[in-house]
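In the numbering used here, the protein residues as written are 1369 to 1629.
Backbone N, C-alpha and C fix where the C-beta goes; we use that ideal spot for every residue, glycine too.
In this text, all values refer to a predicted model and were calculated from it rather than measured experimentally.
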Ligand code: BTN
């Protein structure tokens, strides 16, 4: 059974549609899905419109980078946005930085917390990781036919519900936040900044300004090796520039970054 049918059977689905500057926005709500990214991907394949948003109370098979499990109990904000950006396949990495900027700002505005970014796709506080972004795309002949931006935010979750190294807005502030308002604010922000995809340097500059390792000594585990050095910037293709001891600049395109004290 396709996941969309599965989700429909399991949940009472509400659907809201409205327009934002003439662009239709459709929000599909589910009580439970395997993964909002998977549901949104299916919808992309079925030809659903850009700015279709899938949001679920909980995910049973939420996933992060490298296929890692992403714990998604009720209380967090788990959603995916279907987009059809007019960019080439090689420019797809910019989407995760575009999304990170929008999510960071809206989370900060809604909660008052100073949210920062960690390469490549983390939203962090000084006390731990508060959210992550997972972009998946379908490409035909080097042209993306659609992309799915998945966002996971630890909001009304207790310390016991957090994975190691994670934190939540509830843990940090002892306050509960309205998930619907936060979702709306985030999508609005993305919509208003969508045109920046034509100016990737605006996106990478904003990302770098709000980065927790700007500049900082880091260790990056990447493709079986460890790169140690000082972060120097972010390129438009998503590569992190790292200066090692001998002043050599390395461009790292994937990996897991750790701050070195
Ligand atoms: C990461 O930090 O590795 C990325 C985590 C992304 C999690 C979100 S939750 C909504 C969407 N659905 C998923 O299965 N994953 C993303």
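For residue i, the three-state DSSP class (helix, strand or coil)
i, result
"residue 1447", "strand"
"residue 1617", "strand"
"residue 1495", "coil"
"residue 1462", "helix"
"residue 1587", "strand"
"residue 1401", "strand"
"residue 1483", "coil"
"residue 1593", "strand"
"residue 1472", "helix"
"residue 1435", "helix"
Proximity to residue i [Cα-Cα], best of the options
i, options, result
"residue 1514", "1451, 1543 and 1551", "1451"
"residue 1488", "1495, 1499, 1479 and 1554", "1499"
"residue 1485", "1408, 1611, 1597 and 1584", "1584"
"residue 1629", "1576, 1454 and 1581", "1581"
"residue 1578", "1460, 1483 and 1444", "1483"
Outcome for residue i when other beta-carbon atoms lying within 10 angstroms are tallied against a minimum of 16
i, result
"residue 1470", "buried"
"residue 1447", "buried"
"residue 1568", "buried"
"residue 1391", "exposed"
"residue 1504", "buried"
"residue 1434", "exposed"
"residue 1548", "exposed"
"residue 1461", "buried"
"residue 1531", "exposed"
Assumed close pair residue i, residue j - CB separation to whole angstroms, cut-off 8 angstroms
i, j, result
"residue 1416", "residue 1571", "25 angstroms between Cβ atoms; not a contact."
Worksheet item: Along the chain, which unbroken stretches of the beta strand (DSSP E) at least 3 residues long are found entirely within the region 1511–1573?
Response: 1511–1521
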